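This note's numbering puts the first residue of the sequence shown at 78, with every later residue one more than the last.
We put the beta carbon where it would ideally sit given N, CA and C, even for glycine.
Given the structure is predicted, the values throughout are model-derived calculations rather than measurements.
What follows is a short report on a single structure.
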Amino acid sequence: MPIALAFFVHYAYLIVFLWVLVEQVGIPIPSIPILLTAGTLSATHTISHLYVVIAVLFACLIADTIWFALGRRFGNSVLKLLCRLSFEASTCVSKTEGYFTRRGPVTLLFAKFVPGLSTVAAPIAGQTGMPYAKFLMWDLAGSLLWGETFILAGRFFGDVAKKSAPFLHWLGHFAFFIFALMVLGFLAHRIWKQRKFLQQVREPASGAN
Numbered sequence: 078m079p080i081a082l083a084f085f086v087h088y089a090y091l092i093v094f095l096w097v098l099v100e101q102v103g104i105p106i107p108s109i110p111i112l113l114t115a116g117t118l119s120a121t122h123t124i125s126h127l128y129v130v131i132a133v134l135f136a137c138l139i140a141d142t143i144w145f146a147l148g149r150r151f152g153n154s155v156l157k158l159l160c161r162l163s164f165e166a167s168t169c170v171s172k173t174e175g176y177f178t179r180r181g182p183v184t185l186l187f188a189k190f191v192p193g194l195s196t197v198a199a200p201i202a203g204q205t206g207m208p209y210a211k212f213l214m215w216d217l218a219g220s221l222l223w224g225e226t227f228i229l230a231g232r233f234f235g236d237v238a239k240k241s242a243p244f245l246h247w248l249g250h251f252a253f254f255i256f257a258l259m260v261l262g263f264l265a266h267r268i269w270k271q272r273k274f275l276q277q278v279r280e281p282a283s284g285a286n
């Protein structure tokens with residue numbers, strides 16, 4: 078087994094936990110590649126699917142609880158800080174609050190799939206005065222849906238790869254490079270999606286002018 082892959086397998090749950098936590102705190106490093114990789118390895122029973130899911134849920138719970146508490150304590154100031162990172166302070170706040178106003182707590186089910194909304198959904202929930210127990214229920218459901226979507230996708234790919242021993246060997250040999258390409262690819266996709274989101278944010282402002 079290549080050194081990079083062996084290292085990942087040995088510290089898989091800690092790596093998944095820290096990677097997802099850092100992303101959910103607001104640092105734009107995509108977690109999808111790590112979830113796909115973990116899902117693929119779970120297909121070969123190298124790591125446990127259940128433990129990966131638990132690591133993802135704990136990471137999301139910690140990060141989202143922090144943002145929820147900050148949103149409840151500081152309100153719009155937190156949203157403006159987050160949106161200012163996108164250079165769209167006032168319109169970003171109104172746009173993201175609009176998502177929550179129209180859909181309520183259901184927003185938390187799909188928020189992690191939407192660049193530009195995943196980080197601000199939790200502080201908005203706190204700002205609106207949603208009870209923490211209600212937030213926790215919807216947020217964990219959304220985190221589970223998001224995590225399992227990509228873990229199971231990786232698991233499916235791993236099940237297919239197992240049918241060909243030469244391909245599985247090749248996959249393990251170049252796992253690090255494949256993972257690096259996935260990170261770069263998803264990062265580029267996130268930047269593109271965020272720009273698209275910000276264009277949608279500008280539209281109401283442009284129309285008002």
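### Message
Within 8 Å, do at least three Cβ pairs link the region 81 to 95 to the region 122 to 134?
### Response
Taking 8 Å as the limit for Cβ pairs, the verdict is that the region 81 to 95 does touch the region 122 to 134.
### Task
Express the C-alpha separation of Thr114 and Phe85 in angstroms, rounding to a whole number.
Whole-angstrom Cα-Cα distance: 10 Å.
### Query
Do Gly224 and Ser119 have their C-beta atoms closer together than 8 Å?
Here Gly224 is not near Ser119, since their CB atoms are 8 Å or more apart.
### Query
Does the Cβ of Pro208 have 16 or more other Cβ atoms within 10 Å, making it buried, or fewer, making it exposed?
Looking at its Cβ environment, which holds fewer than 16 other Cβ atoms inside 10 Å, Pro208 is exposed.
### Task
Pair every Cβ in the region 98 to 106 with every Cβ in the region 145 to 154, then say whether three or more of these pairs are closer than 8 Å.
The answer is no - the region 145 to 154 does not touch the region 98 to 106, with fewer than three Cβ pairs under 8 Å.
#### Entry: 7 Å CB neighbourhood of Gly116 in its chain, flanking five on each side removed
Result list for Gly116: Phe227, Ile228, Leu229, Ala230, Gly231, Arg232 and Gly235, in chain order.
### Query
With DSSP run on the structure shown, which of helix, strand or coil describes Ile143?
Taken through DSSP and simplified to helix, strand or coil, Ile143 comes out as helix.
### Ile228 (DSSP reduced to helix, strand or coil)
Correct three-state label for Ile228: helix.
### Message
For Trp269, count the other beta carbons within 10 Å of its own beta carbon; 16 or more makes it buried, fewer makes it exposed. Which is it?
### Response
The residue is exposed, with fewer than 16 neighbouring Cβ atoms inside 10 Å.
### Query
Mind checking Pro189: buried by the 16 CB within 10 Å criterion, or exposed?
The displayed chain sequence assigns Lys, not Pro, to residue 189. Classification of Lys189: buried, given that the 10 Å Cβ count is 16 or more.
### Query
From Val99 to Ile143, what distance separates their C-alpha atoms?
If I take the Cα positions, the gap works out to 12 Å.
### Query
By Cβ distance below 7 Å, which residues in the same chain neighbour Ser283 in space, the five residues on each side in sequence not counted?
Residue placement at Ser283 is poorly supported in this model, since its pLDDT is 49, which falls under 50; the coordinates still yield a value, given next. If the five residues before and after Ser283 are omitted, its C-beta is found closer than 7 Å to no C-beta atom of its own chain.
### Query
Buried or exposed: where does Gly181 fall if 16 or more other Cβ atoms within 10 Å of its Cβ makes it buried?
Looking at its Cβ environment, which holds fewer than 16 other Cβ atoms inside 10 Å, Gly181 is exposed.
### Query
Hey, would you say Trp215 sits closer than 8 Å to Leu194, going by beta carbons?
Their beta carbons are not under 8 Å apart, which means Trp215 does not touch Leu194 by this criterion.
### Query
On the three-state DSSP scale, how would you describe Val191?
Val191 carries a coil assignment under DSSP once its states are collapsed to helix, strand and coil.
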